[in-house]
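In the numbering used here, the protein residues as written are 4 to 205.
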Ligand SMILES: Cc1cc2nc3c(=O)[nH]c(=O)nc-3n(C[C@H](O)[C@H](O)[C@H](O)COP(=O)(O)O)c2cc1C
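If you want it as structure tokens, here you go:
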């Protein structure tokens, strides 16, 4: 199969694009508004973009509440969404009014960051505390701004639950971080983890 994206004529029942860039890590973004309300939502347009310094990015399709809060406060957290809290992660994606806490909605505990004034998921095995470094609206080839806003943040502090550490490493069998596949599919990085040594030996 081959198709060009100007027509997007793939002929399939569902658009395969997001199933090709898969699995995608999920940044479970916690923010606080200027009005002190809490917000929590999953973002699979999320990744590390630098490790010196440590910078992560989530991208909002359109102007969503997490973007608004990150703009207002310059702060966010990214909790690890694992298999044991998969249904809560999904519940926190509900399209609720601004100011409604998805922590409460999903039955999760909001814990404030120790370095940044933004909440993270206490039940998560790990969380990153981040300060916004820049927010970019990417452009298409026509020079027009995409309907997307990329929020970059430097990771200032990291929480890890000792329960997922084995032999000095985060054990994926224990952590089971969710990955978003295409459609409604997820993976949990569990028992199918395998090791490959790089040509450099690293
Ligand atoms: C697993 C998962 C991943 C998602 N990834 C994104 C994403 O990367 N960008 C986005 O704009 N919405 C994404 N969504 C949808 C948002 O979570 C949803 O629109 C949510 O209501 C946004 O909340 P907010 O307005 O409080 O930020 C995702 C939903 C799920 C369930």
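The beta carbon of each residue, even a glycine, is placed where N, CA and C say it ideally should be.
Item	Value
Stretch-stretch touch, CB-based, cutoff 8 Å, three pairs: the region 159-176 with the region 125-138	yes
heavy atom of ligand 1 below 8 Å from residue 98 C-beta	yes
Residue 149 (DSSP reduced to helix, strand or coil)	coil
Neighbourhood of residue 59 by C-beta, 8 Å cutoff - its chain only, sequence neighbours within 5 removed	30, 49, 50, 51, 52, 81, 131, 133, 155, 156 and 158
Nearest-angstrom Cβ-Cβ length linking residue 121 and residue 79, presumed shorter than 8 Å	5 Å
Alpha carbon of residue 25 to alpha carbon of residue 54, nearest angstrom	21 Å
Near ligand 2: residue 115 beta-carbon under 8 Å from a heavy atom	Here the bound small molecules are ligand 1; ligand 2 is not part of this structure.
Coil, strand or helix - residue 76 by DSSP	helix
heavy atom of ligand 1 below 8 Å from residue 186 C-beta	no
Alpha helix (DSSP H) segment containing residue 177, residue limits	175-178
Residues of its chain near residue 3, where Cβ-Cβ distance is below 7 Å and the 5 sequence neighbours each way are ignored	With the chain covering only 4 through 205, there is no way to say anything about residue 3.
Distance CB(residue 143)-CB(residue 17) smaller than 9 Å	no
Where the beta strand (DSSP E) through residue 43 begins and ends	41-46
Residue 204 vs residue 176 beta-carbon contact at 9 Å	no
Through-space distance from residue 9 to residue 189, alpha-carbon basis	28 Å
Where residue 184 sits in the DSSP three-state scheme	coil
Any alpha helix (DSSP H) of 4 or more consecutive residues that is wholly inside the region 70-114	89-94 and 105-108
Ligand 1 heavy atom lying under 8 Å from the CB of residue 32	yes
Residue range of the beta strand (DSSP E) that includes residue 123	122-124
DSSP state of residue 35 mapped onto helix, strand, coil	strand
Distance cut-off 8 Å: residue 61 Cβ against heavy atoms of ligand 1	yes
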